[in-house]
Amino acid sequence: MLDVESIRKDFPILSSRMNGKPLVFLDSAASSQKPQRVIDAFEDYYRCRNANIHRGAYRLSYEATDMYDKTRSRLARFIGASDPATVIFTRNTTESLNLVAQSWGMANLKSGDEIILTELEHHSNLVPWFMIAGRTGAVIKYVPLTEDGRLELDQLEAVITKRTRIMSVAHMSNALGTIHDIVRIREITKAHNVLLCVDGAQGASHLPVHVEDLDVDFYALSAHKMLGPTGVGALYGRRELLEAMPPFLGGGDMILYVTRDGFAPAGLPEKFEAGTPNIAGVVAFHNAIDYLEQTGLDKIHEHEEKLVKAAVSRLSAIPGVILYGTEDWEWRGGIVSFNVEGVHQHDVGSILDEEGIAVRAGHHCCEPFMRSRNLTGTVRASFYLYNTMAEIELLAAGIQRVKEVFKSVVRR
Amino acid sequence: MSLEDDLYRELIIEHSQHPSHRHTIENPTIVEEGVNRSCGDVVVLQLLMDQGVIRDIALQGQSCSICTASGSLMADALEGRTTEQAEDLIDQFKTMVVEGRAVVFPPGQEDLGALAGVSRYPVRVKCATLPWNTLEQALKKR
Numbered sequence: 001m002l003d004v005e006s007i008r009k010d011f012p013i014l015s016s017r018m019n020g021k022p023l024v025f026l027d028s029a030a031s032s033q034k035p036q037r038v039i040d041a042f043e044d045y046y047r048c049r050n051a052n053i054h055r056g057a058y059r060l061s062y063e064a065t066d067m068y069d070k071t072r073s074r075l076a077r078f079i080g081a082s083d084p085a086t087v088i089f090t091r092n093t094t095e096s097l098n099l100v101a102q103s104w105g106m107a108n109l110k111s112g113d114e115i116i117l118t119e120l121e122h123h124s125n126l127v128p129w130f131m132i133a134g135r136t137g138a139v140i141k142y143v144p145l146t147e148d149g150r151l152e153l154d155q156l157e158a159v160i161t162k163r164t165r166i167m168s169v170a171h172m173s174n175a176l177g178t179i180h181d182i183v184r185i186r187e188i189t190k191a192h193n194v195l196l197c198v199d200g201a202q203g204a205s206h207l208p209v210h211v212e213d214l215d216v217d218f219y220a221l222s223a224h225k226m227l228g229p230t231g232v233g234a235l236y237g238r239r240e241l242l243e244a245m246p247p248f249l250g251g252g253d254m255i256l257y258v259t260r261d262g263f264a265p266a267g268l269p270e271k272f273e274a275g276t277p278n279i280a281g282v283v284a285f286h287n288a289i290d291y292l293e294q295t296g297l298d299k300i301h302e303h304e305e306k307l308v309k310a311a312v313s314r315l316s317a318i319p320g321v322i323l324y325g326t327e328d329w330e331w332r333g334g335i336v337s338f339n340v341e342g343v344h345q346h347d348v349g350s351i352l353d354e355e356g357i358a359v360r361a362g363h364h365c366c367e368p369f370m371r372s373r374n375l376t377g378t379v380r381a382s383f384y385l386y387n388t389m390a391e392i393e394l395l396a397a398g399i400q401r402v403k404e405v406f407k408s409v410v411r412r
Numbered sequence: 413m414s415l416e417d418d419l420y421r422e423l424i425i426e427h428s429q430h431p432s433h434r435h436t437i438e439n440p441t442i443v444e445e446g447v448n449r450s451c452g453d454v455v456v457l458q459l460l461m462d463q464g465v466i467r468d469i470a471l472q473g474q475s476c477s478i479c480t481a482s483g484s485l486m487a488d489a490l491e492g493r494t495t496e497q498a499e500d501l502i503d504q505f506k507t508m509v510v511e512g513r514a515v516v517f518p519p520g521q522e523d524l525g526a527l528a529g530v531s532r533y534p535v536r537v538k539c540a541t542l543p544w545n546t547l548e549q550a551l552k553k554r
């Protein structure tokens, strides 16, 4: 069991107020809050340790490089990658997925090759593939979804053909909270020599992840959803794949040497890290990983499961609330997507905001899914280690308030 | 200040639940689509123009209550008006909602004042202005 009250004390923003009410932060799926130690590490870096990495002939630069690389090793251990050089720092999950699509895709996809996605994917796991498909002539195919937003994995084999080269899928859906069965997807894709790329934006922050046990080819994540700073992401890739891939962005740091006629790229991981990275963010990210590991991803997941069950049970008891997503709890993370009948989700969001409750309202960057369900969007409450049962009661009360404001007015 | 006084006044809820001018114009002079990229709201505006006068105006699309009500009130206010009057009204409406300044609307268009409170909710200003921006684009096509 998590000691949530003590955890909350570590997050300064959680004791603040919004619109005169105590802040109820239910939007961690968009970006998590940060514990004091991450904020401190950020400040400490700029105050006492700031220097560029990989270039100074002086102690400060050497130490900055060391801290930067230590976070890489820390992250590699955290996600179960035995070789830190297979963990590339990027800006965010989006950039990591673009790296795979552009670099691997340009080198490997031919006209008529197939990429498998799902309609539930975030735009960041759709658009990069659309872009590379447009440039290479590759074709996008989709695994069908069940009514409650799970993948019809029985049909995956039927979607795969001899031309299928890669499948890219989220570990956990940001729109519905569905957790996908990566183990089974891996079995099927591997049997057909199809690469597997996982969008771990929600996965790495909420589930225990071991990329080598999962046996995935690529795994993308964002630090800011894992209690860390914005502007830092990572891509894990299987070594032989990364080695064979051409560089993504060109510039300083990613080269072995440059002549007037060309360049030779550096080895891993520098090959994919052109230019000065977000050093302060990477350094602070170390503290976020420490915090998550000390708390325990298994315990965090257990806590979120408790919250999501309570929220679904509480909200489904309110007439007019429509809930989306599976109730097979083994495959459901801490996200509750819903609508209030007859009220647009932005109006629900505004009224909850007035009550100090921060939720996301809209299509959650999952337009194809929303269109497939004929929805303009949903209201999304997402939970993390610092959320409480009391906050679910406040959410329920907020929804009652929505209904009160929007009670049908008889036209004069 | 409360939500019901500021943002969700009875007139707004009424217009959002029963918007006017939701019909389709058979041979519109101008059709313009407006989209709020950040939230996905869509407004499709049809105008039937006749010698510089808006003879008919219709709105379709999917949007939140503020946007729907704003479009409904806009259409009510503009039917039978000239393009010049429409352009003046666009300016007045934006002055009220975007700049948060007091505006006195011409007789018959006073209902638009019900949206004045939106200016105090910066997140929602773009909801109220979407139909008006769409109209502005449409009139440029004349």
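Taken in order, these protein sequences are the chains called A and B. Going by the numbering used here, 121 is the number at position 121 of the first sequence; the sequence numbering is gapless. Convert by adding 412 to the 1-based position in the second sequence; the result is the number in the numbering used here. Ideal Cβ positions, reconstructed from N, Cα and C, are used throughout, including at glycine. Just so it is clear, the structure is predicted and the values come from calculations on it, not from any experiment.
- By a beta-carbon distance limit of 8 Å, C479/B contacts D453/B. Their separation comes to about 5 Å.
- Contact annotation: A234/A and I53/A have beta-carbon atoms that are not nearer than 8 Å.
- Fully contained in the segment 72-137 of chain A are the following alpha helix (DSSP H) runs of length 4 or more, in chain order: 93-99, 105-108 and 127-136.
- For A470/B, the pairing in a beta bridge is given by DSSP as Q458/B.
- Closest by C-alpha distance to G446/B, out of H430/B, S484/B, G529/B and S475/B, is S475/B.
- Residue environment: T546/B is assigned as buried (16 or more neighbouring CB atoms within 10 Å of its CB, all protein chains considered).
- The distance from the Cβ of I442/B to that of K553/B is about 5 Å, consistent with a contact at the 8 Å cut-off.
- The residue from G325/A, A361/A and T388/A with its alpha-carbon nearest to that of R150/A is G325/A.
- M508/B is the residue among E548/B, M508/B, P519/B and F517/B whose C-alpha sits nearest the C-alpha of P534/B.
- Counting along the chain, P265/A sits inside the beta strand (DSSP E) bounded by residues G262 to P265.
- When DSSP assignments are scanned along the segment 465-548 of chain B, the uninterrupted stretches of alpha helix (DSSP H) that are 4 or more residues long and fall wholly within it turn out to be 477-490 and 495-509.
- The beta carbons of A489/B and L471/B sit about 13 Å from each other, so the pair does not count as a contact at 8 Å.
- The beta carbon of L249/A sits closer than 6 Å to the beta carbons of A274 from its chain, once the five residues preceding and following it are set aside; these are given in chain order.
- Closest in C-alpha terms to I322/A, from the list N19/A, R373/A, R91/A and L196/A, comes R373/A.
- Using a C-beta cut-off of 8 Å, the segment 210-230 of chain A makes contact with the segment 78-96 of chain A, since at least three inter-stretch Cβ pairs fall below that distance.
- Counted as a single uninterrupted DSSP element, the alpha helix (DSSP H) harbouring Y291/A occupies residues I279 to T295.
- Closest in alpha carbon position to E355/A, among L23/A, L375/A, W331/A and F369/A, is L23/A.
- F218/A is bridged by DSSP to C197/A and G237/A.
- According to the DSSP assignment, K141/A belongs to the beta strand (DSSP E) that extends over V139 to V143.
- According to the DSSP assignment, V183/A belongs to the alpha helix (DSSP H) that extends over I182 to A191.
- None of the residues of the segment 199-214 of chain A has a beta carbon lying less than 7 Å from any beta carbon of chain B.
- By the beta-carbon neighbour count (other beta carbons within 10 angstroms, threshold 16), G134/A is exposed.
- Here the segment 106-125 of chain A lies against the segment 145-164 of chain A, with 3 or more beta-carbon pairs under 8 Å apart.
- Annotation: F11/A is outside any beta strand (DSSP E) and is labelled neither H nor E by DSSP.
- Between the alpha carbons of V340/A and D353/A lies a distance of about 15 Å.
- Chain-order list of chain B residues neighbouring F406/A: I425, by C-beta distance under 7 Å.
- When only Cα atoms are considered, F130/A and V143/A end up about 16 Å apart.
- About 16 Å separates the CB atoms of V282/A and Y62/A; that is not less than 8 Å, and the two are not in contact.
- Taken in chain order, the members of the segment 444-466 of chain B whose beta-carbon sits within less than 9 Å of a beta-carbon on chain A are S450, C451, G452, D453 and V454.
- Its Cα nearest to that of I392/A, the residue A310/A stands out among A310/A, Y58/A and G56/A.
- With the criterion set as a beta carbon lying under 9 Å from some beta carbon of chain B, the members of the segment 350-379 of chain A are S350, I351, D353, E354, A361, G362, H363, E367, M370, T376 and G377, in sequence order.
- The beta carbon of R467/B lies closer than 6 Å to those of L460 in the same chain, with the five residues before and after it left out.
- Interface criterion not met: the Cβ of H171/A is under 8 Å from no Cβ in chain B.
- Contact note: Q474/B reaches chain A through T376, using a C-beta cutoff of 7 Å and chain order.
- Between Q400/A and I318/A, the C-beta gap is smaller than 8 Å, which places the two residues in contact.
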